[in-house]
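Remarks on the structure that follows.
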Amino acid sequence: MWIIVLFFAAGILLGRRLHAHPLLIRLADQLAMASILLLLFVLGLSVGLHREALAHFGTLGLQAATLTLGAVIGSVVAVQLLSLSMRRRQ
Amino acid sequence: MRSSLIILVCFAAGILTGQLAPLPSSLALDHYTVYLLCALLLFVGISVGGDGHFWQTIRQRDNLRLALLPLLVVIGTLAGVAAASLLLPTLTLRDALAVGAGFGYYSLSSVLLTQARGETLGVVALLANLMREIATLVLAPLLVRFFGKLAPIACGGATAMDSTLPIIVRFSGKEYSIVALFSGIVLTVAVPFLIFIILTV
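These protein sequences, in sequence, are chains E and Y. The first sequence runs 1 to 90 under our numbering. The second sequence runs 91 to 291 under our numbering.
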């Protein structure tokens with residue numbers, strides 16, 4: 001997986017170089033969208049092919065909702081601490 | 091919002107095709123998708139790095155305490171999903187943290203986790219991070235009222251730079267748009283790195 005992350009870092013640096021060519025940047029943006037759509041189609045395809053995964057869709061949704069609740073509460077509370085400390089200084 | 095719909099339609103079309111088309115269920119797709127994933131991250135990197143706002147926003151050091159914001163979102167999110175994973179015995183702590191490290195960036199985190207941990211976790215990442223974006227859009231006014239103007243930015247995570255930015259500006263105020271952009275950009279860039287660190291360390 002490290003190679004995937006390497007491609008990302010390389011992309012950011014390359015993007016900085018290509019900064020003066022907005023057309024190329026836009027092209028990269030559109031290619032990114034196209035590959036995301038293709039990859040999500042493939043993800044859907046493998047879910048559809050494995051009936052087992054599809055049968056568990058409800059359970060996965062419940063897991064996802066629980067994680068989302070944790071993420072939302074955790075991040076809001078953590079940032080709340082920042083706002084409180086800023087207010088105290090003012 | 092329109093692109094979110096297109097993304098979901100593609101995912102649903104994949105499921106339908108898998109259900110209806112006479113394809114072998116052993117079809118090994120992940121063999122080829124890794125190349126596409128590398129290309130995707132290269133393209134996302136170019137589009138982030140080629141955006142003038144990106145370097146401009148990253149260099150802003152005039153308010154160090156606000157630079158703490160994305161860091162606190164990371165800490166809060168990971169602590170929150172770790173706590174939530176206690177309720178989910180079938181999910182390991184590592185997998186829960188990896189899903190949380192999507193920070194609402196559902197398209198990228200789901201394809202990354204599909205590649206790294208299989209389609210089950212990919213689907214959980216897709217749903218959980220999509221729910222985070224939707225929760226931000228729906229709850230923004232309540233979050234501002236009860237938790238202050240930074241709360242929807244925290245809730246939005248990586249999406250605070252694009253899909254949830256309009257709603258944040260509307261309810262937190264225009265003066266928070268730079269803060270939201272900064273936090274969203276930092277978290278967007280952090281997604282692949284943090285997922286990688288969580289899954290390998």
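Positions of the beta carbon are idealized from the N, C-alpha and C atoms, including for glycine.
Taking a Cβ-Cβ cut-off of 7 Å, Val269(Y) has no neighbours in chain E, whose nearest Cβ is about 11 Å from it. Taking C-beta separations shorter than 7 Å and ignoring five residues to either side along the sequence, Met33(E) has no partners in its chain. Contact of Arg16(E) with chain Y by beta-carbon distance below 8 Å involves Gly139, Gly140 and Trp145.
Cβ-Cβ distances below 7 Å link Val171(Y) to Ala186, Leu187, Val189 and Gly190 in the same chain, with the five nearest sequence neighbours on each side left out; the list follows chain order.
DSSP assignment within the region 178-231 of chain Y yields the following whole alpha helix (DSSP H) runs of 4 residues or more, N-terminal first: 183-190 and 196-207.
For a cut-off of 8 Å, the C-beta gap from Gly44(E) to Gly108(Y) is around 7 Å, short enough to register as a contact. Phe144(Y) is the residue among Tyr122(Y), Thr249(Y) and Phe144(Y) whose C-alpha sits nearest the C-alpha of Leu13(E). Look at Pro112(Y): its C-beta is not under 8 Å from any C-beta on chain E. Contact annotation: the region 245-259 of chain Y touches the region 191-201 of chain Y, with at least three C-beta pairs closer than 8 Å.
Only Arg155, Leu158, Leu159, Leu162, Val163, Ile165, Gly166, Thr167, Ala169, Gly170, Val171, Ala173 and Ala174 from the region 155-175 of chain Y bring a Cβ to less than 7 Å from some Cβ of chain E.
Taking a contact as a CB-CB distance under 8 Å, the pair Ile287(Y) and Ala270(Y) does not count as one, their CB atoms being some 25 Å apart.
Straight across, the Cα-Cα distance linking Ser273(Y) with Gly104(Y) is about 33 Å. In this structure, the straight-line span from the alpha carbon of Val138(Y) to that of Phe8(E) is close to 10 Å. Between Val291(Y) and chain E, the shortest Cβ-Cβ separation is not below 8 Å. Between Phe133(Y) and Leu216(Y), the beta carbon gap of about 20 Å keeps them out of contact (Cβ cut-off 8 Å). The straight-line gap separating the alpha-carbon atoms of Leu110(Y) and Arg51(E) is approximately 11 Å. Here Asp141(Y) carries a coil assignment [DSSP, helix/strand/coil]. Ala55(E) carries a helical assignment under DSSP once its states are collapsed to helix, strand and coil. Among the residues facing chain Y, Gly44(E) is included, as its CB has a counterpart in that chain under 8 Å away. With a threshold of 8 Å between beta carbons, Met221(Y) makes contact with chain E. It is roughly 23 Å from the alpha-carbon of Ala55(E) to the alpha-carbon of Leu69(E).
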